[in-house]
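Presented below is the structure to which this report refers.
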Amino acid sequence: MYRLKSSAFGLAAGLLWALAVAGLTLLATYAGYGVELVELMGTIYWGVEPTWMGALIALPWAFVDGFIGGFLLAWIYNRFA
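In my numbering, the protein residues as written are 29 to 109.
What follows is the structure, encoded as structure tokens:
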């Protein structure tokens with residue numbers, strides 16, 4: 029039976045989510061796509077807005093959020109496996 033390493037899965041999920049959120053924020057900043065979604069994320073992640081600084085603020089918020097979600101997902105998977 030294969031077990032997931034919860035911390036490694038959490039780090040991967042956190043990195044992926046942080047890059048996705050920051051990328052979407054930059055896309056909203058420079059191309060104008062997804063501005064409403066970034067503003068909605070700003071209600072969850074304090075300080076996130078469609079600006080360059082908003083993308084930098086989004087990185088740690090999204091990393092922590094993705095890490096916790098990925099860690100819990102792997103932990104639950106290991107309990108059921």
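Even glycine gets a Cβ: it sits at the ideal position worked out from N, Cα and C.
These numbers come from a predicted model, not from an experiment.
- Nearest in C-alpha terms to G60, of all of W80, F37, Y30, is W80.
- By the neighbour-count criterion, in which 16 or more other beta carbons inside 10 Å mark a residue as buried, A48 falls on the exposed side.
- With 16 or more other Cβ atoms from the protein chains shown falling within 10 Å of its own Cβ, A83 counts as buried.
- The C-alpha of G70 lies about 13 Å from the C-alpha of A56.
- The continuous stretches of alpha helix (DSSP H) do not include V76, and DSSP gives it neither H nor E.
- In the DSSP assignment, L44 falls within the alpha helix (DSSP H) that extends over 34–58.
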